[in-house]
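Input: a single structure, listed below in structure tokens.
Protein chains: 2
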Amino acid sequence: MLEKIKSTLSKEQKELYMREALKEAKKAKDKAEIPIGAIVVLDGEIIGRGYNLREESQDATSHAEMTAIKNACKKKDSWRLENAQLFVTLEPCAMCSGAMILARVDEVYYGAGDPKGGTAGTFMNLLQDERFNHVAYVENGILEDECREILQNFFRKLRMNKKS
Amino acid sequence: MLEKIKSTLSKEQKELYMREALKEAKKAKDKAEIPIGAIVVLDGEIIGRGYNLREESQDATSHAEMTAIKNACKKKDSWRLENAQLFVTLEPCAMCSGAMILARVDEVYYGAGDPKGGTAGTFMNLLQDERFNHVAYVENGILEDECREILQNFFRKLRMNKKS
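Residue numbers (numbering that gives the first Met the number 0), protein chains in the order written: chain W, 0 to 163; chain U, 0 to 163.
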């Protein structure tokens, strides 16, 4: 299987979609959840949205990407998201990368890298491991500063609140 | 972080719980889904059950382990499944291994290995990668023949039906 080496989107499109993922991250922030957001795009239409909801749901699997993928599958009435693009503000973990492989998401874009558990380039690159039956195009650094800042501000406030 | 090297269960307990996972796999088979089943055990009680439901749900993430983990989180009202054991008839994929890491499942037992996508020893071993913030005890080969046969019979019938 050949690794996909080209994006189908322009820089403007990538930034526009990452802004939508950031909107989702802000919804998480408003609920005092770690602010991570994701969207799934197909043929220029946003078909899935999601944000991290671990604390409210008390469900370990309720990451932004999982909700966005589930919503996209529902919208398409298909577990196959071929030709779809996924945008997420933080580099995906193993669970979410695994879900993207299963759903056959074609292109994955993320903002900030995750030194603690990133599996799309940092620790490992599950999305481009040719031993799996699907390989995605992966691009990082889309609106990286904004995606990182929303997280840093969240954790800074958390530490301040703990101190006071 | 030290790798956990001991199981807390006896051979009889492991087989008893894998039979419960096999019961879940049979529920999938009865719905013409690929027969994979899983359960989550905590303090000797089964707190989550699940079976593969990809076709009926048309949701790429609806694997047996994910449903079992979600149900266990719901039952415990917590995303943390520390001290829990997970039994699954087939070696988990990257998504499901990732979910077990996130939920901090302590011990993972599976029946048959998955040469196509297994991430608990076959392709890689995500569950025992010390770069993640959680490492599980992993044991394979519990009721291996039964776990493999239910899958082999399913695919054999599928091929026969396609031919006829």
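The beta carbon of each residue, even a glycine, is placed where N, CA and C say it ideally should be.
Three or more beta-carbon pairs separated by less than 8 angstroms link the stretch 26-41 of chain U to the stretch 66-73 of chain U, which places the two stretches in contact. Cβ-Cβ distances below 8 angstroms link W:Ala31 to Glu54 in the same chain, with the five nearest sequence neighbours on each side left out; the list follows chain order.
If you check each beta-carbon in the stretch 123-138 of chain W against every beta-carbon of chain U, the ones closer than 9 angstroms belong to Met123, Leu125, Asp128, Arg130, Phe131, Asn132. Scanning W:Leu21, W:Val134, W:Gly43 for the CA closest to the CA of W:Leu150 turns up W:Leu21. The beta carbon of U:Leu101 falls within 9 angstroms of a beta carbon belonging to chain W, placing the residue at that interface.
Taking a Cβ-Cβ threshold of 7 angstroms, the residues of chain U close to W:Gln57 are Cys72, Asp76, Ser77, Trp78, in chain order.
Residue-level contact check: W:Gly49 does not touch chain U, since none of the beta carbons of chain U fall below 9 angstroms from its beta carbon.
Within the stretch 84-99 of chain U, the residues whose Cβ lies closer than 8 angstroms to some Cβ of chain W are Cys92, Ala93, Met94, Cys95, Ser96, Gly97, Ala98, listed in chain order. The beta carbon of W:Asp128 is closer than 6 angstroms to none in its chain, skipping five residues each way along the sequence. Assignment of beta-bridge partners to W:Ile38 by DSSP yields W:Arg48, W:Phe86. Counted as a single uninterrupted DSSP element, the alpha helix (DSSP H) harbouring U:Glu54 occupies residues 53-56. Short of 8 angstroms from the beta carbon of U:Glu148, and not among the five residues preceding or following it, lies no beta carbon of its own chain. In the pairwise beta carbon analysis, the stretch 105-113 of chain U is classified as not touching the stretch 90-110 of chain W: fewer than three pairs are separated by under 8 angstroms. Annotation for U:Ala27: no beta strand (DSSP E) segment contains it, though the alpha helix (DSSP H) segment containing it runs 10-29. Per the DSSP secondary-structure output, W:Ala111 pairs in a beta bridge with W:Leu89. At a C-beta separation below 7 angstroms, U:Ile68 has these neighbours in chain W: Ala59, Thr60. Excluding sequence positions up to five before and after W:Ile33, its CB lies within less than 6 angstroms of the CB of Asn51, all in the same chain and listed in chain order.
About 14 angstroms separates the CB atoms of U:Gly43 and U:Ala71; that is not less than 8 angstroms, and the two are not in contact. Distance from U:Glu14 to U:Ile141 at the Cβ level is roughly 7 angstroms; contact confirmed, criterion being Cβ atoms closer than 8 angstroms. Spanning the alpha carbons of U:Asp76 and U:Lys156 requires a straight line of approximately 40 angstroms.
As DSSP reads the structure, U:Val137 sits in a beta bridge with U:Val107. Look at W:Met159: its C-beta is not under 9 angstroms from any C-beta on chain U. In this structure, DSSP gives W:Asn152 a helical state, which the three-state scheme calls helix. Think of a sphere of 8 angstroms around the beta carbon of U:Lys115: the chain W residues whose beta carbon falls inside it are Asn132, in chain order. When Cβ-Cβ separations below 9 angstroms define contact, U:Glu54 makes contact with chain W.
Closest option to U:Glu143, judged by alpha-carbon separation, among U:Thr88, U:Thr121, U:Gly120: U:Thr88. Contact with chain W is absent for U:Met17, since none of that chain's Cβ atoms lies less than 9 angstroms from the residue's Cβ. Distance check between W:Arg79 and each of W:Ala102, W:Ala63, W:Ala24, W:Phe122 places W:Ala102 closest, using alpha-carbon atoms only. With distances taken between CA atoms, W:Tyr108 lies nearest to W:Tyr136 out of W:Asn132, W:Asn124, W:Tyr136. Here U:Lys28 is buried. Its C-beta has 16 or more other C-beta atoms within 10 Å.
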